[in-house]
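There are 2 protein chains.
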Amino acid sequence: MPTIVPVILCGGSGTRLWPRSRVAKPKPFLPLVGDNTLFEAALARCPASGGFAAPFVVTGRQHVDHVEAQLGEASEGQVIVEPSARNTAAAIALAANRLPEDAVMLVCPSDHHIGNAEAFTEAACAAADLAAEGWLVSFGIEATAPETGFGYLKRGDAISQGAYRTAQFVEKPDLERAKAFLAEGIYAWNGGIFAFRVKEFLEELATHRPQIAAGVAAAVAKGTEDGRRFHPDADIFAAVPSDSVDYAVMENTARAAMVPVDMSWSDIGNWHALHEALDRDADGNSIRGSASVDMVDCRNVLVDSDGPRVSVIGLEDVIVVVDGDDIMITTIAGVQKVGKLSGAVNQ
Amino acid sequence: MPTIVPVILCGGSGTRLWPRSRVAKPKPFLPLVGDNTLFEAALARCPASGGFAAPFVVTGRQHVDHVEAQLGEASEGQVIVEPSARNTAAAIALAANRLPEDAVMLVCPSDHHIGNAEAFTEAACAAADLAAEGWLVSFGIEATAPETGFGYLKRGDAISQGAYRTAQFVEKPDLERAKAFLAEGIYAWNGGIFAFRVKEFLEELATHRPQIAAGVAAAVAKGTEDGRRFHPDADIFAAVPSDSVDYAVMENTARAAMVPVDMSWSDIGNWHALHEALDRDADGNSIRGSASVDMVDCRNVLVDSDGPRVSVIGLEDVIVVVDGDDIMITTIAGVQKVGKLSGAVNQ
Numbered sequence: 008m009p010t011i012v013p014v015i016l017c018g019g020s021g022t023r024l025w026p027r028s029r030v031a032k033p034k035p036f037l038p039l040v041g042d043n044t045l046f047e048a049a050l051a052r053c054p055a056s057g058g059f060a061a062p063f064v065v066t067g068r069q070h071v072d073h074v075e076a077q078l079g080e081a082s083e084g085q086v087i088v089e090p091s092a093r094n095t096a097a098a099i100a101l102a103a104n105r106l107p108e109d110a111v112m113l114v115c116p117s118d119h120h121i122g123n124a125e126a127f128t129e130a131a132c133a134a135a136d137l138a139a140e141g142w143l144v145s146f147g148i149e150a151t152a153p154e155t156g157f158g159y160l161k162r163g164d165a166i167s168q169g170a171y172r173t174a175q176f177v178e179k180p181d182l183e184r185a186k187a188f189l190a191e192g193i194y195a196w197n198g199g200i201f202a203f204r205v206k207e208f209l210e211e212l213a214t215h216r217p218q219i220a221a222g223v224a225a226a227v228a229k230g231t232e233d234g235r236r237f238h239p240d241a242d243i244f245a246a247v248p249s250d251s252v253d254y255a256v257m258e259n260t261a262r263a264a265m266v267p268v269d270m271s272w273s274d275i276g277n278w279h280a281l282h283e284a285l286d287r288d289a290d291g292n293s294i295r296g297s298a299s300v301d302m303v304d305c306r307n308v309l310v311d312s313d314g315p316r317v318s319v320i321g322l323e324d325v326i327v328v329v330d331g332d333d334i335m336i337t338t339i340a341g342v343q344k345v346g347k348l349s350g351a352v353n354q
Numbered sequence: 008m009p010t011i012v013p014v015i016l017c018g019g020s021g022t023r024l025w026p027r028s029r030v031a032k033p034k035p036f037l038p039l040v041g042d043n044t045l046f047e048a049a050l051a052r053c054p055a056s057g058g059f060a061a062p063f064v065v066t067g068r069q070h071v072d073h074v075e076a077q078l079g080e081a082s083e084g085q086v087i088v089e090p091s092a093r094n095t096a097a098a099i100a101l102a103a104n105r106l107p108e109d110a111v112m113l114v115c116p117s118d119h120h121i122g123n124a125e126a127f128t129e130a131a132c133a134a135a136d137l138a139a140e141g142w143l144v145s146f147g148i149e150a151t152a153p154e155t156g157f158g159y160l161k162r163g164d165a166i167s168q169g170a171y172r173t174a175q176f177v178e179k180p181d182l183e184r185a186k187a188f189l190a191e192g193i194y195a196w197n198g199g200i201f202a203f204r205v206k207e208f209l210e211e212l213a214t215h216r217p218q219i220a221a222g223v224a225a226a227v228a229k230g231t232e233d234g235r236r237f238h239p240d241a242d243i244f245a246a247v248p249s250d251s252v253d254y255a256v257m258e259n260t261a262r263a264a265m266v267p268v269d270m271s272w273s274d275i276g277n278w279h280a281l282h283e284a285l286d287r288d289a290d291g292n293s294i295r296g297s298a299s300v301d302m303v304d305c306r307n308v309l310v311d312s313d314g315p316r317v318s319v320i321g322l323e324d325v326i327v328v329v330d331g332d333d334i335m336i337t338t339i340a341g342v343q344k345v346g347k348l349s350g351a352v353n354q
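Dropping the structure here:
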């Protein structure tokens, strides 16, 4: 197995899990499932003891303090500070330009939950092996529901045991198509986890998005080091086109591969997804936080309070969140509208 | 019309409208509907300018400060401080023993809402006239729904225009019977509003509950005045049997009469009743308090917050109350269980 460099992409807008998640402290930096924050959990899945190299964290200026506080002083990890947000293609290219050509990057979002860490590790090793052979590898996350909020990967020909060509990248489908994908069994969720060898990633980026490749290379060349932090040149980086790695590279490359993995994954993309990722009692209820909670005749209710006592009677399929001077109550059917609440928009 | 002395009974346990209502500051002393508290509104319905005498307020020691603060310094009203709670028969008897024999008492709870004050005044005059003739008069509040939470009065023979004998006092019925009462049209709600001349009230009490009559008379005889406050003797009063005026007197007397009245009455007996008494928007929603409230896709929702912003999505038939460090959320179907919440019980 080649040495794997975890490249952790760390950002977030703080609206979909408002009011717990805020612009000033978004999702990755909150202990949403268990005692660790999602970012800490992402780091913990790639430990030095497991053969992983020290991580590269790519984050924005506004999150650097959270990142360093949670990275820990002992860690050898490096932090690349994006002067502006330019989407995932540029973010990954920043890390690639700071690494040797033969390094294998394991690109991980920092705001997902993975229940089965062993399955993750196994898939990471398989993906790294493929990447070391020159493939650009996506994790193909086993679809367990007809989700319309994710892109899908269609499995193609087998490359080796547990490794396939990616036949097609599919945009977020409607419910009809999502159900058909689930039935067909050869479609997986695209969770934004990738393994790339630096050489092939930069080659493909230069082929399909030469402006991004050149711009990021120049921004890194003119960048400055500051302890463990690296600051790309702000003016040059600001001119880099903003594009996702899926659009920029994965949908265009002829070397796209996928590693199917079933690892109890969730993007914790809204309050319903968080509720599903938590332990629930026999009635489907769960409680987060240390506040006193009194539930009477409730089913499938999540109460998350940072202080005030919450007493609830008769609710079903409802989420209650108390954060400072904000109380947010939504039906599960309404969770997609949380980010549109005036409190979430006008932070 | 005889001079009417308002006798305002002022207490409450503070559980059914918890957490807004608390043991330390129960329902009568809260501005639940409009800007006045329910107690202030009860006083305002019996003004000197309307020919009413200064009120007698009967209350417990724990509520005296609230009573005096809301009674106002200008008022000539007197406050009888119950050394212990002995139910309504004894409470009314305390006032009766402090008044001349020919005074007509208008006994009013202090924690009800009356939307139509003119109808109240009209009924009060009619009831006082009847009381001055020796009748023990109940307000017969027009039943507008098959309520199972109230006692009912069955209308008997007419005494005069708008005045009837009470044929029967009926305990809280089940839903079946309540529906039949509503259909029959001769059953009214017993809202605990009475008109009694002191002489007849004390006579009937002495006849049917001699222990209460004698005990209260002795407690008043040995009582002490302290400014506008009157303190019955605590030890004697503690030995007085506890009984409601309905059981002790009204169900036994041969002189029971009733005055039917339709006055948009509510006992504000739970959060649903309060929601019904409030102004609501086209979707049936209402907001109490000055806190910021954001409602999306809600119907028939009441939000009452004393500070924190409340953002609500997709709820229907739900009450949300924020009071200090307590948040209470209940379906309308669940309002009867509010008083049983551990927060309400363990105050």
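Note that the protein sequences, when read in sequence, are chains X and Y.
The numbering used here puts the first residue of the first sequence at 8, with every later residue one more than the last.
The numbering used here puts the first residue of the second sequence at 8, with every later residue one more than the last.
Where is the CB? At the ideal position from N, CA and C, for every residue including glycine.
Alpha-carbon spacing of residue i relative to residue j, whole angstroms
i                        : j                        : result
valine 144 (chain X)     : alanine 264 (chain X)    : 5 Å
glutamate 210 (chain Y)  : aspartate 233 (chain Y)  : 29 Å
valine 227 (chain Y)     : asparagine 94 (chain Y)  : 16 Å
proline 38 (chain X)     : arginine 68 (chain Y)    : 49 Å
histidine 282 (chain X)  : proline 62 (chain X)     : 29 Å
glutamine 85 (chain Y)   : alanine 221 (chain Y)    : 22 Å
threonine 337 (chain X)  : alanine 98 (chain X)     : 34 Å
alanine 241 (chain Y)    : arginine 23 (chain Y)    : 29 Å
aspartate 164 (chain Y)  : tryptophan 196 (chain Y) : 17 Å
glutamine 77 (chain X)   : cysteine 115 (chain X)   : 16 Å
lysine 347 (chain X)     : methionine 112 (chain Y) : 58 Å
proline 9 (chain Y)      : valine 64 (chain Y)      : 20 Å
isoleucine 166 (chain Y) : alanine 150 (chain Y)    : 21 Å
alanine 298 (chain X)    : asparagine 292 (chain X) : 15 Å
alanine 55 (chain Y)     : alanine 48 (chain Y)     : 14 Å
lysine 32 (chain Y)      : lysine 344 (chain Y)     : 20 Å
methionine 302 (chain Y) : glutamate 323 (chain Y)  : 11 Å
valine 14 (chain X)      : threonine 66 (chain X)   : 11 Å
8 Å Cβ cutoff met for residue i and residue j
i                           : j                           : result
leucine 106 (chain Y)       : valine 177 (chain Y)        : no
alanine 138 (chain Y)       : phenylalanine 203 (chain Y) : yes
leucine 189 (chain X)       : threonine 155 (chain X)     : no
arginine 316 (chain X)      : glycine 141 (chain Y)       : no
serine 82 (chain Y)         : phenylalanine 244 (chain Y) : no
alanine 103 (chain X)       : valine 205 (chain X)        : yes
histidine 120 (chain X)     : alanine 284 (chain X)       : yes
phenylalanine 201 (chain X) : valine 252 (chain X)        : yes
proline 239 (chain Y)       : glutamine 218 (chain Y)     : no
aspartate 250 (chain X)     : arginine 216 (chain X)      : yes
valine 256 (chain X)        : glycine 169 (chain X)       : no
valine 342 (chain X)        : tryptophan 278 (chain X)    : yes
alanine 130 (chain X)       : phenylalanine 146 (chain X) : yes
isoleucine 148 (chain X)    : glycine 79 (chain X)        : no
alanine 100 (chain Y)       : leucine 16 (chain Y)        : no
Any non-hydrogen atom of the ligand NAP within 7 Å of residue i CB
i                    : result
alanine 31 (chain Y) : Absent from the structure shown: the ligand NAP. Ligands present: none.
Residues of its chain near residue i, where Cβ-Cβ distance is below 7 Å and the 5 sequence neighbours each way are ignored
i                       : result
alanine 124 (chain Y)   : Arg52
alanine 246 (chain Y)   : Gly222
glutamate 207 (chain Y) : Gly141, Leu143 and Arg262
aspartate 304 (chain X) : Ile320 and Gly321
alanine 185 (chain X)   : Pro153, Glu154 and Thr155
aspartate 118 (chain X) : Gly19, Lys34, Pro35, Leu45 and Ile275
alanine 126 (chain Y)   : Val268, Asp269 and Met270
Residues near residue i in its chain [Cβ-Cβ closer than 6 Å; skip 5 each side]
i                        : result
methionine 335 (chain Y) : Pro26 and Val328
histidine 73 (chain Y)   : Phe36
aspartate 330 (chain X)  : Pro26, Arg27 and Asp313
valine 300 (chain X)     : Ile294, Val310 and Val317
Close Cβ partners of residue i (< 8 Å) along its chain, the five nearest in sequence each way excluded
i                       : result
valine 71 (chain X)     : Val86, Val88 and Arg236
tyrosine 254 (chain X)  : Ala96
glutamate 258 (chain Y) : Phe176
threonine 128 (chain X) : Arg52 and Gly57
Query raised in the report: Quick one: complete beta strand (DSSP E) runs, 3+ long, within the segment 135 to 217 of chain Y?
Result: The segment 135 to 217 of chain Y contains these whole beta strand (DSSP E) runs: 143 to 149, 159 to 167, 170 to 177 and 194 to 204.
**Report entry** Within the segment 70 to 127 of chain X, ranges of the beta strand (DSSP E) (whole runs, at least 3 residues)
**Finding:** Scanning the segment 70 to 127 of chain X from its first residue to its last, the whole beta strand (DSSP E) runs of 3-plus residues come out as 85 to 89 and 111 to 116.
Query - Whole beta strand (DSSP E) elements within the segment 245 to 286 of chain Y, 3-residue minimum - result: You should have 263 to 268.
Query raised in the report: With a cut-off of 8 Å, do at least 3 Cβ pairs link the segment 304 to 312 of chain Y to the segment 147 to 161 of chain Y?
Result: In short, these stretches do not touch, since the Cβ pair count stays below three.
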